[in-house]
Amino acid sequence: MENPLANEHDPHTTADAVYDFAAIQAKWLPVWDELQPFRAGLPGDTRPRKYVLDMFPYPSGDLHMGHAEAFGFGDIVARYWRQQGFDVLHPIGWDSFGLPAENAAIKRGTDPREWTYANIAQQKASFRQYAPSFDWSRELHTSDPEYYKWNQWLFLELYKRGLAYRKAGQVNWCPNDQTVLANEQVVDGHCERCGALVTKKALTQWFFKVTDYADRLLDDLNQLEGHWPQRVLSMQRNWIGRSSGADVEFEIEGREERISVFTTRPDTLFGATFMVVAPDSDLAAELASGAGPDVRMRFQDYLDTVRGTTEMDRLNQERPKTGVFLERYAVNPVSGERLPIWASDYVLADYGHGAIMAVPAHDQRDLDFARAFDLPIRVVVDTNAPVTGVIPVIQLDEQGVPILPEEPPALDPASTGVALAGEGRMVNSGPLDGLSKVNAIKRMIELLESRGTGRAAKNFRLRDWLISRQRYWGTPIPIIHCPACGEVPVPQEQLPVRLPDAEGLDLRPKGKSPLAAAEEWSTVSCPQCGGEARRDSDTMDTFVDSSWYPLRFLNPNDDTRAFDPAEAEKWAPVDQYVGGVEHAILHLLYSRFITKVLFDLGYISFTEPFTSLLNQGQVLMDGSAMSKSKGNLVEFADQLREHGADALRVTMAFAGPPEDDVDWADVSQAGAAKFLARAWRISGEVTSSPDVEWKTGDPALRRVTHRLLADAPGLVEAYKFNVVIARLMELVNATRKTIDQGPGAADAAVRESAEVIAMILNLFAPYTAEDMWQRLGYEPTVALAQWRKADPALLVEESVTAVFQVDGKVRDRADVAPKIAPEELEALAKGSAAVVRSIDGREIANVVVRAPKLVNIVTRR
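According to the UniProt record's numbering, the sequence shown holds residues 1 to 861 in order.
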């Protein structure tokens, strides 16, 4: 392609030219548009590949300061790998379905499409100004039928394999948005979207069977150690929450079928004195229905109260324990003892099987409940008994008589109110007496299995993914409900099931999807029997859209398949993923699940979607999150207009480690702009030609240049972007000194350093770097210039500056050999006239030597 600037006069060629960021931006944007230097996967490109991906944005308005930070970091990585010789895929799209668009449309009386695509256009314009190195040819929007067609395909793939199913149950309900929420979308008992207090509601909903993959989701986190932030790995592990124990089967008097209870401590089964069921479980309702009318009434009143209580409150151990005796009894499978069954809100319906065996002597919640309702408390673990084979040390008195240890006091949880949760030996437990915890658990499981009343089991905190949403702006679920045939998948050739036009539909939340009222859309013929049937009116959770989108970027315009497995082999998994830690559980967990499903289906050859993960911190103002209500909002557009894209990008990268929060009150965009102007002016002062022999240049400046070339790759790959900028500033200063104080602008080392400054500055300030590159005599684009290799000979330090301190205060310095011996350095320090004067005859108490850089002489006053 012909260079559009090859014969154009550059107005910025003199040393006294003014750095004008607006003019530079206006100059280079059309050039990049014509050159399209960031398109990936072009025919004949044999470079190795890297896939760098930012969590795609939601189009809720213009870009904000959080976008400036996150996409700036992702672009640093993408630009770096291009200069390292890789063909880099760095795409962009929009996560454009969801409640905010629908709520905004309702408020404005418009179609969600209008609001969504207008915001996308605004964000796209701002992105172009900000200049991330995106491959714009792969742009996608999840609200396009061409995209959500493949959401529906994915749903049907899971449905065929029993991983998508529909069931009735108690679900989280947002009364404001009038839709269900997954457990993960409830934060401290409130809807994460609108903040409304979440209640429970009985509904029939669609789920993805994530729990089938719980073990793999947990175990495969080991693959990501050292590549994902440790706190994210911990959050994932805690959310999955695997625990080992046993499923114990209890008979219920008057009930033919046993109930199963999961416990991590089957060894304490002889200490069970009652049973507790979750009041909002089906089991509690069944047991209450078989009791007398008074019990049924008390239970219903209690259930109504519980439904108004958040899960966080129910799990709060400080709350007084409440409950209702159901006047039903279970039978302990090992002792035959009758156990009264209570309903209490400290047991959750979705934990284990919604029922627990209560061992109050050894569980604090059970103990608090037993004390509140005067229920039996039986100790079955003697926590005073030794659990190891260690022989205690016997002490002797002055006469040599052994001092016998005092008998430890017998602890009684019934009177102390403190459960005995420690290790010990089993007591009051028949065949388990005297065993340690580990051996007792093993023995009890053997007993249960031999009697057919239990087995070893695992339990997970993880629950299946509830994907149904009772709203319009989402992917329609591709199922048809036929009176004769039941659930019938929409045939693939009929995909996508398109959303009907919003015109004429009442989108206001009413407790069921607005699609149910779209009669012409809802009423269809059954694909199996041809009879009249109805479409499922729910739409999918938007986390479905984002669970597989990295694969769609591989061929976003292919209408014949969701993605090309051959392209997945070339590019995937994502090498570097960048985004906020707020998605550490939901989005990442679901993406990992879908990746494993696609692996099992044979579509891909990897089991984790993101090899490396970078989380950025928040952008704050005066210590608080930015918001209009607080009056501390900093607008992205204002910053672009006032300081320019490059200054904004450098400010973000220089503010600190990416994972740390940035307080905008503490940074200096003006300082970043001054640094960029200093760097840019150097490129206009270079007078040597591009083919000058660098080795003839000033050795001191060349050493600074080559140390940066050698160190920057490791710093970038460790995400120490702020350190790279600090080192760039050092190089700019060193170059400036060489120009002003000699040998001068004509020196070959000045050209070499100016070119290196432009190349590395491309990572952070692409406009300035591109303009410098042209001023230095090169054609665009510097973004594709290959990283230069450092000369090993220039990395050897000829001397280092040693600091001599007395009592921690610097008294002198000296240039010394890098490999100077510690004793030689100490002698040099003690011989310094300034050090001798500072000691002033005092006694030397200690000398700390850190060769070759430090000697600290400590005196005794």
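Note that the Cβ used here is the ideal one computed from N, Cα and C, for glycine as well.
Asked: According to DSSP, is V390 helix, strand or coil?; Found: Since pLDDT at V390 reaches only 49, below the 50 mark, its modelled position is unreliable, and the value read off the structure follows with that caveat. Of the three classes helix, strand and coil, the one that applies to V390 here is coil, per DSSP.
Asked: List the whole-angstrom C-beta distance separating D538 from S513, where the pair is believed to meet the contact cut-off of C-beta under 8 Å.; Found: 5 Å
Asked: For Q616, which of helix, strand or coil comes out of DSSP?; Found: strand
Asked: Can you give me the C-alpha to C-alpha distance between D374 and A272, rounded to a whole angstrom?; Found: 15 Å
Asked: When DSSP labels each residue in this structure, what does T14 get in the three-state scheme?; Found: Residue confidence is low: T14 scores 49 on pLDDT, short of 50, so the model does not pin down where it sits. Its coordinate-derived value is still stated next. Three-state result, T14: coil.
Asked: Is it buried or exposed for I467, if we count other Cβ within 10 angstroms and need 16 for buried?; Found: buried
Asked: With DSSP collapsed to three states, give me the class of P333.; Found: coil
Asked: Which runs of the alpha helix (DSSP H) at least 4 residues long sit entirely within the stretch 213-284? Give them in chain order.; Found: 214-219 and 230-240
Asked: Pick helix, strand or coil for A355, following the three-state DSSP scheme.; Found: strand
Asked: Taking V77 as the reference, give the member of Q639, K442 and L715 with the closest Cα.; Found: L715
Asked: Which same chain residues end up closer than 8 Å to A710 when comparing Cβ atoms and leaving out the 5 residues on each side of it in sequence?; Found: A790 and L795
Asked: Taking C-alpha atoms, which residue in Y329, D267 and S344 lies nearest to I303?; Found: In the sequence under discussion, the amino acid at residue 303 is Leu, which differs from the Ile named in the question. Checking every option, the nearest Cα to that of L303 belongs to S344.
Asked: Do you know offhand how far K124's Cα is from P91's?; Found: 13 Å
Asked: So, for T383: in the same chain, excluding its five sequence neighbours on each side, which residues have a beta-carbon less than 6 Å away from its beta-carbon?; Found: L420, G422 and G424
Asked: Does the Cβ of G530 have 16 or more other Cβ atoms within 10 Å, making it buried, or fewer, making it exposed?; Found: exposed
Asked: Which residue comes first and which comes last in the beta strand (DSSP E) that contains H481?; Found: I479 to C482
Asked: Compute the Euclidean distance between the alpha carbons of A821 and R850, then round it to the nearest angstrom.; Found: 10 Å
Asked: What residues in its chain sit with their C-beta under 8 Å from that of D815, if we drop five residues either side in the sequence?; Found: S799, V800, T801 and A802
Asked: Just to confirm my understanding: we take V848, look at its own chain, exclude 5 residues before and 5 after, and list those with CB closer than 6 Å. What are they?; Found: N856
Asked: For the stretch 52-86, which segments carrying the alpha helix (DSSP H) assignment without a break, of at least 4 residues, lie completely within its bounds, in sequence order?; Found: 65-83
Asked: Are the stretch 112-132 and the stretch 630-642 touching by the rule of at least three beta carbon pairs closer than 8 Å?; Found: yes
Asked: For P100, tell me which candidate among R298, D87, E114 and Q786 has the shortest Cα-Cα distance.; Found: E114
Asked: Around the C-beta of C194, are 16 or more other C-beta atoms found within 10 angstroms, so that it is buried, or is it exposed?; Found: exposed
Asked: When you compare only the Cα positions, how much space is there between S436 and K570?; Found: 54 Å
Asked: At the level of alpha carbons, what is the spacing between C485 and Q576?; Found: 46 Å
Asked: Which of the three DSSP states, helix, strand or coil, is assigned to Q317?; Found: coil
Asked: Please list the terminal residues of the continuous alpha helix (DSSP H) segment that includes S683.; Found: Q669 to E685
Asked: Within 10 angstroms of its Cβ, does V390 collect 16 or more other Cβ (buried), or is it exposed?; Found: Residue placement at V390 is poorly supported in this model, since its pLDDT is 49, which falls under 50; the coordinates still yield a value, given next. Under this definition V390 is an exposed residue.
Asked: By the 10 Å Cβ neighbour count, where 16 or more other Cβ atoms means buried, how is V662 classified, buried or exposed?; Found: buried
Asked: Give the DSSP-derived three-state secondary structure of Y19 in the structure shown.; Found: coil
Asked: Just to confirm my understanding: we take L784, look at its own chain, exclude 5 residues before and 5 after, and list those with CB closer than 8 Å. What are they?; Found: P37, R82 and Q83
Asked: Opposite residue 863 in the DSSP bridges: which residues?; Found: Any property of residue 863 remains undetermined from this structure, which presents the chain solely from 1 to 861.
Asked: Classify Q25 as buried or exposed, calling it buried when 16 or more other Cβ atoms lie within 10 Å of its own Cβ.; Found: buried
Asked: Taking the beta strand (DSSP E) that Y147 belongs to, which residues open and close that run?; Found: Taken as a continuous stretch (DSSP letters only), Y147 belongs to no beta strand (DSSP E), being part of the alpha helix (DSSP H) at P145 to K160.
Asked: V544 to D20, Cα distance in whole Å?; Found: 45 Å
Asked: For the alpha helix (DSSP H) that contains I467, what are its first and last residues?; Found: Here I467 belongs to no alpha helix (DSSP H), and DSSP marks it neither H nor E.
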